[in-house]
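Engineer: Pasting a structure here, questions to come.
Protein chains: 2
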Amino acid sequence: MEDYGRFLALLASALLVGFVSVILSFVWVFHYREGLSWDGSAGEFNWHPLLVVTGFVFIQGIAIIVYRLPWTWKCSKLLMKFIHAGLNTIAMILAIVAMVAAFEYHNAQNIPNMYSLHSWIGLTALIFYSLQLFFGFAVFLLPFAPVYLRALLMPIHVYSGLTIFATVIAAALMGITEKLLFSLRDPAYSSSPPEATFVNCLGLLLVVFGLLILWMASRPHWKRPLEESTKVLRPIGGTAEGTEVESTMTSSSNADKSDMRINTEAARKQNLKFDESGQRSTM
Amino acid sequence: MEDYGRFLALLASALLVGFVSVILSFVWVFHYREGLSWDGSAGEFNWHPLLVVTGFVFIQGIAIIVYRLPWTWKCSKLLMKFIHAGLNTIAMILAIVAMVAAFEYHNAQNIPNMYSLHSWIGLTALIFYSLQLFFGFAVFLLPFAPVYLRALLMPIHVYSGLTIFATVIAAALMGITEKLLFSLRDPAYSSSPPEATFVNCLGLLLVVFGLLILWMASRPHWKRPLEESTKVLRPIGGTAEGTEVESTMTSSSNADKSDMRINTEAARKQNLKFDESGQRSTM
Chain A
39 MEDYGRFLAL
49 LASALLVGFV
59 SVILSFVWVF
69 HYREGLSWDG
79 SAGEFNWHPL
89 LVVTGFVFIQ
99 GIAIIVYRLP
109 WTWKCSKLLM
119 KFIHAGLNTI
129 AMILAIVAMV
139 AAFEYHNAQN
149 IPNMYSLHSW
159 IGLTALIFYS
169 LQLFFGFAVF
179 LLPFAPVYLR
189 ALLMPIHVYS
199 GLTIFATVIA
209 AALMGITEKL
219 LFSLRDPAYS
229 SSPPEATFVN
239 CLGLLLVVFG
249 LLILWMASRP
259 HWKRPLEEST
269 KVLRPIGGTA
279 EGTEVESTMT
289 SSSNADKSDM
299 RINTEAARKQ
309 NLKFDESGQR
319 STM
Chain B
39 MEDYGRFLAL
49 LASALLVGFV
59 SVILSFVWVF
69 HYREGLSWDG
79 SAGEFNWHPL
89 LVVTGFVFIQ
99 GIAIIVYRLP
109 WTWKCSKLLM
119 KFIHAGLNTI
129 AMILAIVAMV
139 AAFEYHNAQN
149 IPNMYSLHSW
159 IGLTALIFYS
169 LQLFFGFAVF
179 LLPFAPVYLR
189 ALLMPIHVYS
199 GLTIFATVIA
209 AALMGITEKL
219 LFSLRDPAYS
229 SSPPEATFVN
239 CLGLLLVVFG
249 LLILWMASRP
259 HWKRPLEEST
269 KVLRPIGGTA
279 EGTEVESTMT
289 SSSNADKSDM
299 RINTEAARKQ
309 NLKFDESGQR
319 STM
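Residue numbers (the numbering used here), protein chains in the order written: chain A, 39 to 321; chain B, 39 to 321.
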C-alpha cells in the first residue's frame, strides 16, 4: 500500500476521535444528564444521542472504510462485503432504536413528534440509509445483478453512502443544538456552563471524525487492490470479461501495481470509461 | 461532453433549488420576520440568514462547479480561475458581513457571542474558507508555485473546498434550528406554525442544493477537458513536462478524448500516479 504510514496515522486518529466521541456521549448521558432507562422519562430519551453517536456515526464510519484496511486485502471480497453490510446493519438497528427512544419519550411527555428540521433530516437520513442497505444487499451482495447494473449503480452507492454519512453528522449537530437549548435552563446554554462546552466539543469531534473518514474513503490509491476482488461473487451468467469489468470497477486505481495488464488501446479506453463513470473517484 | 443532457438537467435543478432557497430566505426575513436594518435590532440580525444562504451557500456552490460548465471550456483556464476565485471572494465577503451582523445584534441586545455549537462550527468554517481562498490564490492563481506543489495540494484543495461547503450547509441547518427555537414562542416551534414548516422546507432545500452540487463536482467525466488548460499559467521555470503534469492533474479523465496521447508505459504510469494522488477523483 502506498503511503501506508499515513493511512495508519489517519486510521488511528479516526478511531481515537470516534472512540473519544462515544466516551463523551456516555459521560454526557451519565454525568451531566439522567443516565439511561426505558420508562418514558428523560433517561429513555438519552438512548437517542448515545446510540446515534455510537451506531449511526461511529460504526457507520468504520463500515465505510472497512474495505480500505490493507490487512483485510488477503480476505475474500465476499467476506468483506458481509462485514461492510453487517456493520451497516448494526448501525441501522442502533439508529432505529435511537429514533424509537426519542418518539417514546416525546409521546410519554406529550411533546409533538417530527416538527423540527432535525427530525425531518434525521428521519430522512435513516430512511435513505435503510434503502441504501437494501439496494446494496440486493445488487452487490446477492449474486443476481448483472455486471452492467453493478457498474451503473456503484458510483451512486458510494456517493449515497458518503453523503448519507455526512448528513447524519449534520443531523447529530442539529440534535445537539436542540438538546442543549432545551436542557440548559439555569444556567442557560448562552452562559456557557461546563455541560455546554463539553457537548460542543463532542460536536466538533463528530465533525473531525467525519472529515477523517471522508478523506480516507475518497483517496483512490487506498482502494482495495484488484487481485483479491476477482475471485468471488461472479454474477450468474457472468463472463470472464464481466468479471474484469467488476475488477476494474473496484480496483482500477491499482491497475499499475496489480497482475492485470491492459495491453490494448481498447481495453485502456474501457478502463478509463469505467473510471469516468465514477468507479475510481466517487466520494 | 458525455451525458450533456443529464448535466444540464442537474445544473438547472441546482440553480432552481438554490434560487428558490434564496427567495425563501427573503420571504422568511420580510414576511415572517422584521425585515432588514442595521441598527442593532432584529432587522440587523436578519442579514445573517439572508447573506449566509445567498453568499455562503448559493454563490459558493456555483463557484465550486464553474469549471464544469461546458460552454466555459472555450475560455482560458486563467479566466476561469479568476471567476472561481472571484465568486468565492464574493461569498466570503457576504459571509463576513453575515457574521458581523450576528455579532452586532448580539452586542446590542446583550446576548453572549460564540457560546453555541452553531457559532463554533460556523466561524471555524469561515476561517478555513478564508484560508482556502488565500492558499488557492497563492498556489493556483499566482504563477509562482512549482508544478509538484500544485499537484501535491490540488487534492487537498478540492477535498477542503467540498467539505467546507458541506460544513457550511450543516452550520446553516443548525442556525435555522436555533433561530426557530428562539423566535417561535407563541405559537412555539413544536406546534408547527406556518413559519416553522416554511423554514424547515428552506433547510431541506439547502441539503438538496448541496447534494446536487457535490454530485456534479465529483463526477470525473464532467471535468474540464485537457486541451483548454495547457495554454495558461505555466509556472515560472515550468517546462513542457511540467505543463503536461498540470494538464494531467486537471483533466486526465478526458485523456482519451483529448489530443494528448500517452505513448509510453512510463507516461501511463505517471498519469495513473497523478490520478491516484486524487487529481482525478477527489470527492
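Backbone N, C-alpha and C define an ideal beta-carbon position, used for all residues, glycine too.
Bridge partners of A:A226, per DSSP?
Structural biologist: A:A226 is bridged to A:R223.
Engineer: For B:I165, I'd like the list of residues in its chain whose CB is within less than 7 Å of its CB, leaving aside the five on either flank, ordered along the chain.
Structural biologist: The answer is none, since no qualifying residue turns up.
Engineer: So which residues of chain A does B:S229 contact, with C-beta pairs closer than 8 Å?
Structural biologist: Chain A residues near B:S229: P150 and Y153.
Engineer: Put B:E233 into one of helix, strand or coil per three-state DSSP.
Structural biologist: Of the three classes helix, strand and coil, the one that applies to B:E233 here is helix, per DSSP.
Engineer: Give me the Cα-Cα distance between A:Q170 and A:Y197, rounded to the nearest whole angstrom.
Structural biologist: If you take the alpha carbons of A:Q170 and A:Y197, they lie about 11 Å apart.
Engineer: By the three-class DSSP mapping on this structure, what secondary structure does B:L53 have?
Structural biologist: B:L53: helix per DSSP, three-state reduction.
Engineer: A:T215 and A:T162 - do their beta-carbons sit closer together than 9 Å?
Structural biologist: No, Cβ-Cβ distance for A:T162 and A:T215 is not below 9 Å.
Engineer: Just how far apart, CA to CA, sit A:G248 and A:M254?
Structural biologist: Their Cα atoms are separated by approximately 10 Å.
Engineer: Just the Cα atoms here: how many angstroms apart are B:L240 and A:M39?
Structural biologist: C-alpha separation (whole angstroms): 44 Å.
Engineer: If contacts are defined as beta-carbon pairs under 8 Å, then B:A52 and B:L200 qualify, I think. What distance do you get, rounded to the angstrom?
Structural biologist: Incorrect: roughly 14 Å between the Cβ atoms, too far for contact.
Engineer: Let me know if A:I100 comes out buried or exposed under the rule of 16 or more other beta-carbons within 10 Å of its beta-carbon.
Structural biologist: With 16 or more other Cβ atoms within 10 Å, it is buried.
Engineer: Hey, B:Y70 and B:F236: beta-carbon distance below 9 Å or not?
Structural biologist: Yes; because the gap between Cβ atoms is below 9 Å, this pair is in contact.
Engineer: Report back the beta-carbon spacing between A:L252 and A:V55 to the nearest angstrom; my notes put them in contact at under 8 Å.
Structural biologist: The Cβ separation is near 13 Å, so there is no contact.
Engineer: Consider the Cβ of A:A189: report whether some Cβ of chain B lies at a distance smaller than 9 Å.
Structural biologist: It does not; no Cβ of chain B falls within 9 Å.
Engineer: Give the DSSP-derived three-state secondary structure of B:R262 in the structure shown.
Structural biologist: Correct three-state label for B:R262: coil.
Engineer: If we define contact as Cβ-Cβ less than 9 Å, is A:M39 a contact residue for chain B?
Structural biologist: No - not a single Cβ of chain B is within 9 Å of the one on A:M39.
Engineer: Under 8 Å between beta-carbons, which chain A residues line up against B:G241? List them in chain order, please.
Structural biologist: What B:G241 touches in chain A: L155, W158 and I159.
Engineer: Report yes if the CB atom of B:G78 is closer than 9 Å to the CB atom of B:A140, and no otherwise.
Structural biologist: No.
Engineer: Where does B:Y105 land, buried or exposed, given buried means 16+ other C-beta within 10 angstroms?
Structural biologist: By the 10 Å Cβ count, B:Y105 comes out buried.
Engineer: Secondary structure at A:E40, three-state DSSP: helix, strand or coil?
Structural biologist: Of the three classes helix, strand and coil, the one that applies to A:E40 here is coil, per DSSP.
Engineer: Looking at the secondary structure, which residues open and close the alpha helix (DSSP H) in which B:N84 lies?
Structural biologist: B:N84 -> no alpha helix (DSSP H), and no H or E assigned at all.
Engineer: Would the beta-carbon of B:M39 be found less than 8 Å away from any heavy atom of the ligand MG?
Structural biologist: The ligand MG is absent from the structure shown, which contains no ligands of any kind.
Engineer: Identify, in the order they occur along the chain, each residue of the same chain with its Cβ nearer than 7 Å to the Cβ of B:A209, setting aside the five sequence neighbours on each side.
Structural biologist: Correct list, in chain order: H156, I159, G160 and A163.
Engineer: Identify, in the order they occur along the chain, each residue of the same chain with its Cβ nearer than 7 Å to the Cβ of A:N179, setting aside the five sequence neighbours on each side.
Structural biologist: Residue identity check: residue 179 of chain A is Leu in the sequence provided, not Asn. If we look at A:L179 and ignore the five residues flanking it on each side, its Cβ neighbours are K119 and A123.
Engineer: Can you give me the start and stop residues for the alpha helix (DSSP H) that B:V138 sits inside?
Structural biologist: It spans K115 to A146 - the alpha helix (DSSP H) in which B:V138 sits, taken as one unbroken run.
Engineer: Comparing alpha-carbon positions, which option in B:W109, B:S229, B:S256 and B:N238 lies nearest A:N148?
Structural biologist: That would be B:S229, whose Cα lies nearest to the Cα of A:N148.
Engineer: Go ahead and pull the three-state DSSP assignment for B:G199.
Structural biologist: Correct three-state label for B:G199: helix.
Engineer: For B:L88, which residues in chain A fall below 8 Å Cβ to Cβ?
Structural biologist: Within 8 Å Cβ-Cβ: nothing; B:L88 doesn't reach chain A, min ~18 Å.
Engineer: Against chain A, does B:S256 count as a neighbour if the rule is that its beta carbon must be under 9 Å from one of theirs?
Structural biologist: Chain A contact via Cβ: present.
Engineer: 9 Å is my cut-off, CB to CB: does B:N26 come that close to chain A?
Structural biologist: Nothing can be reported for residue 26 of chain B, as the shown portion of chain B is limited to 39 through 321.
Engineer: So A:V95 packs on A:I202, CB below 8 Å; how close in whole Å?
Structural biologist: Between A:I202 and A:V95 the Cβ distance is about 11 Å, and since that is not below 8 Å, they are no contact.
Engineer: Quick one: is B:L264 near chain A, going by C-beta distance under 9 Å?
Structural biologist: So no, B:L264 is outside the interface.
Engineer: Would you say A:W85 and A:L74 are within 9 Å of each other, going by their C-beta atoms?
Structural biologist: Yes, they are a contact pair.
Engineer: List, in order along the chain, the chain A residues whose C-beta lies closer than 7 Å to that of B:T201?
Structural biologist: Result: L249 and L252.
Engineer: B:I61: buried (16+ other C-beta within 10 angstroms of its C-beta) or exposed?
Structural biologist: The residue is exposed, with fewer than 16 neighbouring Cβ atoms inside 10 Å.
Engineer: Which chain B residues are close to A:Y329, counting only those with a beta carbon under 7 Å from its beta carbon?
Structural biologist: Lying before the first or after the last residue shown, residue 329 of chain A is absent from chain A, which here runs from 39 to 321.
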